Amino acid sequence: MSGSTRNKFGFTVNRSRLIDYDSSDRLVREYITSREPSFRLCFACGGCTAACTAGHHAPFNLRRMNTLIRRGEIDPLRDEVTRCMLCGKCLLVCPRGVNTRNVVLLAAEAIRKLDRNEL
Amino acid sequence: MKLEGKKRIWADYQKEIPDDHFFYVRSCIRQTFFAGSEQYFLKIMRDDLGKDVFEDPRHTTCTGIGYHGDVVPFETIQTVVARHFALATEAGYKNIAISCVTSFGIYSEILETWKHFPETLERTREDLLKATGRTFEVPETISHTSDIIYKFRDEIARKAKYNLVDLSTGKPLKVVEHIGCHYSKMFPKYGVGGAEFPHVLVGMVESWGGDIIDYPERRHCCGFGFRQYLVQANRGYSLFASRKKFESMEPYRPDMIIANCPGCTMFMDRWQYTIREIDGITYGADDQGIPVLTYEEVAGLILGYDPWEIGLQYHNVQSLPLLRKMGIKADPTKRFLAKDGSRLPEPVNLMNS
Amino acid sequence: MSVASKHVVVAGGGVAGMEAAGALAELGHRVTLIEKEQKPGGHLKQWHALFPDRRPADEVRKYLSRRIDNRNIRLFTGVGVDKIRKEGHELCIELSDGSELTADAAIIATGFDLFDAHRKEEYGYGIYDNVITSAELEDMFNTGKITTADGRTPSRIGLIHCVGSRDEKVNNNHCSKVCCVTAVKQAIEVRQKLPGCEVFCFYMDMRMYGPYYEELYRESQEQHNVNYIRGKVSEASVNIDNRLVIKVEDTLAGRPLRMELDMLVLMVGMEMSKAGTRLAEASGLDRGINRFLETGDHHYGNNISHLKGLFYAGTCTAPMNITDTISHARAAVAEAVRYLNTR
Chain A
15 MSGSTRNKFG FTVNRSRLID YDSSDRLVRE YITSREPSFR LCFACGGCTA
65 ACTAGHHAPF NLRRMNTLIR RGEIDPLRDE VTRCMLCGKC LLVCPRGVNT
115 RNVVLLAAEA IRKLDRNEL
Chain B
312 MKLEGKKRIW ADYQKEIPDD HFFYVRSCIR QTFFAGSEQY FLKIMRDDLG
362 KDVFEDPRHT TCTGIGYHGD VVPFETIQTV VARHFALATE AGYKNIAISC
412 VTSFGIYSEI LETWKHFPET LERTREDLLK ATGRTFEVPE TISHTSDIIY
462 KFRDEIARKA KYNLVDLSTG KPLKVVEHIG CHYSKMFPKY GVGGAEFPHV
512 LVGMVESWGG DIIDYPERRH CCGFGFRQYL VQANRGYSLF ASRKKFESME
562 PYRPDMIIAN CPGCTMFMDR WQYTIREIDG ITYGADDQGI PVLTYEEVAG
612 LILGYDPWEI GLQYHNVQSL PLLRKMGIKA DPTKRFLAKD GSRLPEPVNL
662 MNS
Chain C
38 MSVASKHVVV AGGGVAGMEA AGALAELGHR VTLIEKEQKP GGHLKQWHAL
88 FPDRRPADEV RKYLSRRIDN RNIRLFTGVG VDKIRKEGHE LCIELSDGSE
138 LTADAAIIAT GFDLFDAHRK EEYGYGIYDN VITSAELEDM FNTGKITTAD
188 GRTPSRIGLI HCVGSRDEKV NNNHCSKVCC VTAVKQAIEV RQKLPGCEVF
238 CFYMDMRMYG PYYEELYRES QEQHNVNYIR GKVSEASVNI DNRLVIKVED
288 TLAGRPLRME LDMLVLMVGM EMSKAGTRLA EASGLDRGIN RFLETGDHHY
338 GNNISHLKGL FYAGTCTAPM NITDTISHAR AAVAEAVRYL NTR
């Protein structure tokens with residue numbers, strides 16, 4: 015419960031955890047998919063995340079990020095996407111041949127553009 | 312939407328509801344917050360339908376709220392319920408009529424436990440005997456009181472003075488039905504119509520002339536949740552669930568909600584006020600809040616009883632526009648008069664008043 | 038006709054029964070093939086195209102028709118097999134019309150029933166207008182019209198895997214094996230026929246066990262942009278526009294998800310057939326915990342019954358695809374012939 019929205023009841027309406035696919039933003043997904051079609055091929059094995067340099071010491075999870083981008087859930091990714099250290103190990107292990115490194119770069123680029131209303 | 316498909320499911324979930332001779336067990340919430348519901352259950356059963364319903368003043372709470380709030384152990388609640396059964400046994404009743412959905416869930420859970428683990432029944436018999444010196448028979452049937460009104464819905468309809476119809480347009484009222492989770496989600500076979508498409512309230516509304524709204528979050532919990540509501544800081548969880556339902560039903564502009572669970576009736580009523588205060592949002596056909604009525608209150612209205620005798624004024628969302636639509640004359644100035652004609656303190660911040 | 042020609046009864050004229058009858062006849066045995074419907078062909082009759090290569094189902098239907106076009110085969114249709122009992126060395130086959138046949142050996146190939154989707158009440162099959170089964174989608178492919186109940190072209194379709202399979206709530210703990218790949222096949226077909234329509238598959242695991250199945254799954258993502266969401270849909274309902282609304286957890290995102298759909302396709306699984314169940318019960322045949330016929334040995338005797346001279350072929354023993362059904366039927370014939378030769 016956040017203390018900033020105190021009212022006479024001592025509680026507020028909780029925030030939804032639901033992914034509402036119909037009101038979600040799919041611009042980032044389309045930006046990435048059109049430039050890096052291999053993005054579609056991820057089947058969420060987690061190999062990239064197991065191999066990830068950044069993910070072992072910071073909240074950065076490429077497997078989950080791929081899913082969230084596809085569902086249009088961009089807000090949670092703004093900070094996360096900048097944590098990639100660009101080592102490329104994820105690229106080496108991906109069994110579906112997703113160009114993971116490029117996906118991260120495109121995601122960061124797309125989110126920057128989204129925030130500037132350039133998407 | 313194909314009604315035939317629903318009828319198919321309803322046919323699969325028909326339970327035995329006795330015709331007469333009930334041992335009545337009350338609800339803590341209902342007799343406190345909208346006591347007219349229980350009073351009118353008894354009145355309709357006895358006066359309108361000529362049934363035998365027995366009450367024992369020694370009946371207590373089932374302790375269900377404590378049980379779901381983690382302060383009453385299962386062994387204890389079994390013993391409390393066994394004592395209720397002992398009172399019924401002593402009075403010679405085999406059919407239990409349960410006013411509360413929490414209690415109904417508790418009774419169902421205990422009977423199922425005894426069926427699958429007979430040693431727990433024996434242990435309960437010993438516990439009850441040691442604690443109170445009483446013995447008991449396991450009842451032959453358990454019915455929620457909404458099951459019983461459901462059974463007699465057509466008889467009530469035949470005696471009806473009003474219908475769930477907007478007289479100014481001639482169209483059926485748009486009614487949302489809400490079933491308490493513990494009515495059939497734990498044991499679908501114990502609920503009329505099962506858990507996904509319960510028929511218990513739908514059947515009443517159909518018989519009494521209304522139109523049922525089947526909206527996307529129909530099956531969602533009202534959010535009461537016991538420990539969510541009981542701890543103030545957690546009430547946002549509870550409120551969120553009710554608001555989710557209101558938002559989902561809002562496009563249909565419902566005239567009223569009919570509910571069979573004490574907690575649902577109370578929270579879906581009270582939370583509308585809270586949401587208005589926090590977010591400034593109101594719902595319903597008149598944008599002033601959706602009246603939330605119990606099935607006995609609706610039955611009472613249909614049968615022509617005085618809305619203030621039934622106790623509709625004790626809901627946060629008042630029912631005057633609904634009564635006007637149905638053609639029921641009710642003087643709002645008499646809402647808060649005591650039996651002796653003196654004026655009771657009037658609640659502030661009523662909605663749809 | 039071979040000198041050692043024997044009479045074999047095959048109960049069930051679907052893929053397994055037709056293949057078994059054809060193989061036996063080819064070897065010179067006299068075969069009576071008994072099909073309860075008016076025409077042989079089983080479930081394949083209503084299928085439009087087959088996984089993994091999406092060839093027309095008609096090609097396999099034609100193969101099977103040719104297979105039973107043999108003067109050694111006598112085809113009875115519109116009659117079922119009620120009971121099989123042993124009398125001396127022979128088997129007596131009691132038919133639903135009251136008549137009785139005597140045979141040197143018999144093969145049960147009574148197949149499967151599709152799971153009755155009404156039983157998954159939460160999906161509202163039979164209630165909501167645009168909830169259909171995978172078999173009904175196949176019918177739409179046959180007619181060439183994929184439309185909602187009110188005749189509109191859908192813009193978003195969801196396919197739910199494991200409907201009636203891997204589900205204790207309907208007493209089916211088994212996997213029906215073919216539904217995952219059927220969903221992938223149908224998803225691709227929808228994308229090809231309706232390029233403007235988004236397609237979502239809701240799966241618990243993708244069980245791409247057969248040759249070229251995994252490749253088909255990959256193709257569906259790479260070339261057809263089919264979306265996959267890992268999670269079991271918990272309920273469907275409709276909104277005020279009569280559009281379906283589903284609830285599912287996106288288990289990879291770890292969050293609940295809601296989505297509106299124009300059409301929901303239930304990938305119904307396989308169950309032991311009712312006709313096969315009655316036959317098994319009347320004849321005293323053992324069945325497994327999955328209710329399919331229990332075979333003599335799961336590894337090296339899965340065409341064998343406990344009744345000498347009676348053999349099993351196809352999906353009466355377990356869910357299987359057409360390829361495996363045909364192989365299983367041929368194996369049943371091999372077992373039957375070995376029995377006939379050594380009797």
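Chains as they are written, first to last, in my numbering: chain A, 15 to 133; chain B, 312 to 664; chain C, 38 to 380.
We treat Cβ as the ideally placed atom computed from N, Cα and C, and that holds for glycine.
These numbers were taken from a predicted model, which means no experiment stands behind them.
Beta-carbon proximity list for residue i, same chain, < 8 Å, skipping 5 on both sides
i                  : result
Thr-452 of chain B : Glu-327, Ile-328, Pro-329, Lys-405, Asn-406, Ile-407
Asp-438 of chain B : Glu-386, Gln-389, Thr-390, Ala-393
Ile-341 of chain C : Thr-332, Gly-333, Asp-334, Phe-348, Tyr-349, Glu-372
Residue i versus the options, residue with shortest Cα-Cα distance
i                  : options                                    : result
Leu-303 of chain C : C:Phe-152, C:Ser-136, C:Ala-57             : C:Phe-152
Glu-349 of chain B : B:Gly-444, B:Lys-500, B:Thr-456, B:Ala-393 : B:Thr-456
Cys-98 of chain A  : A:Asp-129, A:Asn-113, A:Cys-108, A:Cys-66  : A:Cys-66
Tyr-250 of chain C : C:His-261, C:Arg-267, C:Cys-234, C:Lys-222 : C:Lys-222
Gly-79 of chain C  : C:Arg-98, C:Arg-122, C:Ala-86              : C:Arg-98
Ser-559 of chain B : B:Trp-582, B:Asp-525, B:Tyr-540            : B:Asp-525
Ile-326 of chain C : C:Ile-197, C:Lys-214, C:Met-309, C:Gly-313 : C:Met-309
Tyr-207 of chain C : C:Ser-364, C:Leu-132, C:Glu-96, C:Arg-328  : Looking at the sequence provided, one finds Val at residue 207 of chain C rather than Tyr. Checking every option, the nearest Cα to that of Val-207 of chain C belongs to C:Arg-328.
Arg-84 of chain A  : A:Val-112, A:Asp-129, A:Ala-64, A:Leu-41   : A:Leu-41
Gly-65 of chain C  : C:Thr-360, C:Arg-244, C:Lys-43             : C:Lys-43
Arg-570 of chain B : B:Trp-619, B:Gly-316, B:Val-603            : The residue you asked about is not Arg; residue 570 of chain B is Ala in the sequence shown. Of the listed residues, the one whose Cα sits closest to Ala-570 of chain B is B:Val-603.
Thr-139 of chain C : C:Ala-146, C:Val-46, C:Tyr-337             : C:Val-46
Thr-170 of chain C : C:Arg-111, C:Lys-311, C:Ala-220            : C:Ala-220
Val-449 of chain B : B:Leu-353, B:Leu-398, B:Lys-441, B:Tyr-494 : B:Leu-398
Gly-600 of chain B : B:Lys-485, B:Val-628, B:Arg-464, B:Lys-317 : B:Val-628
Beta-bridge pairing of residue i - partner residues as DSSP gives them
i                  : result
Phe-365 of chain B : B:Phe-334
Ile-523 of chain B : B:Val-486
His-455 of chain B : B:Ile-409
Ala-62 of chain C  : Per DSSP, none; premise fails for Ala-62 of chain C.
Glu-87 of chain A  : Its beta-bridge partners do not exist; DSSP assigns none.
Thr-605 of chain B : B:Ala-570
Thr-644 of chain B : Paired residues: none, contrary to the question.
Val-628 of chain B : B:Met-662
Glu-272 of chain C : C:Lys-284
Phe-237 of chain C : C:Gly-195, C:Asn-264
6 Å Cβ shell around residue i - same chain, five flanking residues per side excluded
i                  : result
Gly-375 of chain B : Thr-413, Ser-414, Ile-417
Trp-321 of chain B : Gly-504, His-510
Thr-114 of chain C : Glu-72, Gln-75
Gly-611 of chain B : Tyr-351, Ile-621
As assigned by DSSP and simplified to three states, the class of residue i
i                  : result
Gly-338 of chain C : strand
Phe-578 of chain B : helix
Gly-595 of chain B : coil
Tyr-254 of chain C : helix
Ala-172 of chain C : helix
Val-722 of chain B : No answer is possible for residue 722 of chain B: it lies beyond the span of chain B, which begins at 312 and ends at 664.
Glu-72 of chain C  : strand
Asn-545 of chain B : helix
Gly-393 of chain C : It is not possible to answer for residue 393 of chain C, since the shown part of chain C is limited to 38 through 380.
Ser-414 of chain B : helix
Thr-114 of chain C : strand
Val-40 of chain C  : Its pLDDT being 48, under 50, Val-40 of chain C is placed unreliably by the model, and the measurement read from it follows with that caveat. In the structure shown, Val-40 of chain C sits in coil (DSSP, three-state: anything other than H, G, I, E or B).
Asp-323 of chain B : helix
Lys-123 of chain C : strand
Arg-244 of chain C : coil
Same chain, Cβ closer than 7 Å to residue i, neighbours up to 5 away in sequence not counted
i                  : result
Cys-62 of chain A  : Leu-76, Arg-77, Cys-104, Val-107, Cys-108, Thr-114
Leu-432 of chain B : Trp-425
Val-215 of chain C : Pro-356, Asn-358
Residue i Cβ short of 8 Å to the ligand COA heavy atom set
i                 : result
Ile-33 of chain A : With respect to the ligand COA, the structure offers nothing, as it holds no ligand at all.
Practice prompt. May I ask you to verify whether the stretch 360–371 of chain C touches the stretch 224–238 of chain C, counting CB pairs closer than 8 Å and requiring at least 3?
Written response: no
Worksheet item: Below 8 Å, can you find three or more Cβ-Cβ pairs linking the stretch 542–551 of chain B to the stretch 457–476 of chain B?
Response: no
Worksheet entry | the stretch 625–638 of chain B contacting the stretch 476–483 of chain B, beta-carbon criterion three pairs below 8 Å | yes
Worksheet item: Just checking, does the stretch 231–238 of chain C make contact with the stretch 249–267 of chain C on the three C-beta pairs under 8 Å criterion?
Response: yes
Discussion item. With three or more C-beta pairs closer than 8 Å as the rule, is the stretch 282–291 of chain C touching the stretch 122–138 of chain C?
Written reply: no
Worksheet item: Is it a yes or a no for the stretch 179–189 of chain C touching the stretch 128–147 of chain C, going by three-plus beta-carbon pairs under 8 Å?
Response: no
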